[in-house]
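In this note's numbering, the protein residues as written are 49 to 211. Note that CB positions come from ideal geometry on N, CA and C, so glycine has one too. Before any comments, here is the structure.
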Amino acid sequence: MQIDIPLSRRGLMIGAAQALTALALAGTVVATETLPKMTVTRDPNCGCCGNWIEYIKAAGFPVEVLELDDVMPLKAKLGVPDALMSCHTAEIGGYVIEGHVPADAVKRLLVERPKAIGIAIPGMPVGSPGMEVPGQTPQSYEIAIFSAGKQHVFARYRGLQQV
49 MQIDIPLSRR
59 GLMIGAAQAL
69 TALALAGTVV
79 ATETLPKMTV
89 TRDPNCGCCG
99 NWIEYIKAAG
109 FPVEVLELDD
119 VMPLKAKLGV
129 PDALMSCHTA
139 EIGGYVIEGH
149 VPADAVKRLL
159 VERPKAIGIA
169 IPGMPVGSPG
179 MEVPGQTPQS
189 YEIAIFSAGK
199 QHVFARYRGL
209 QQV
């Protein structure tokens with residue numbers, strides 16, 4: 049059964065307006081899901097750094113990788129406290145991300161925009177992103193948020209799950 053619908057200028061204008069509205073809304077959804085570019089500086093010989101970079105890319109972050117034989121001067125320049133240092137350092141949205149931080153924590157930081165230098169996971173806890181070890185139970189760990197001379201707990205995780 050075929051239905052004939054007469055075309056009128058008014059009908060076409062309403063249809064066009066509805067189509068444009070749908071496209072505008074779709075564009076807004078895509079725009080809100082766009083994440084800023086992350087620059088990761090790492091030692092070229094560190095395999096776990098590469099694992100974390102692949103994980104963070106899979107989470108939707110565009111990533112630029114810089115390889116340096118000595119990342120320590122950059123960490124010092126960016127204000128990462130010695131006690132919070134890990135194997136790689138990332139910069140995103142005006143913040144420093146130190147170590148194997150889960151993507152959800154990075155996204156939360158970017159949404160909340162606290163006054164801080166950044167967030168960090170000291171060391172390399174088993175089960176944190178990029179440090180998964182088959183057959184080993186993920187460790188619990190804390191993500192510290194830090195600024196000049198201060199730090200406190202930003203989140204607690206076990207593996208990839210916030211606790």
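Could you name the residues of the same chain whose beta carbon sits closer than 6 Å to that of P110, not counting the 5 residues immediately before and after it, in chain order? K85
Exposure label - T185; buried when at least 16 CB within 10 Å: exposed
C-alpha distance - T87 paired with I140, whole-angstrom precision: 7 Å
By alpha-carbon positions, which one of E112, L132, G183 and V174 ends up nearest to S195? L132
Report the partner residues of Q210 according to the DSSP bridge assignment. Y205
Assuming E115 contacts P92 (C-beta within less than 8 Å), just tell me the rounded distance between them. 4 Å
Nearest CA to the CA of C97: which residue from Y205, I165 and S134? S134
Taking the C-alpha atoms as reference points, what is the distance between P170 and I145? 11 Å
Looking at the unbroken alpha helix (DSSP H) that takes in I101, where does it start and where does it end? G95 to A106
Of the residues Y205, A203, V211 and A164, which one's Cα is nearest the Cα of L126? A164
If you draw a straight line from the C-alpha of L158 to the C-alpha of D152, how long is it? 10 Å
Through-space distance from R161 to I191, alpha-carbon basis: 16 Å
Where does E139 sit, in a helix, a strand or coil, going by DSSP? strand
Near T137, what residues of its chain come up, given a Cβ to Cβ distance below 7 Å and the 5 sequence neighbours on each side ignored? T89, V119, L122, K123, L126, V128, V144 and E146
Whole angstroms is fine: what's the gap from G207's alpha carbon to V201's? 16 Å
Take S176 as the anchor and find which of I167, Y189, G183 and G166 has the nearest alpha-carbon. Y189
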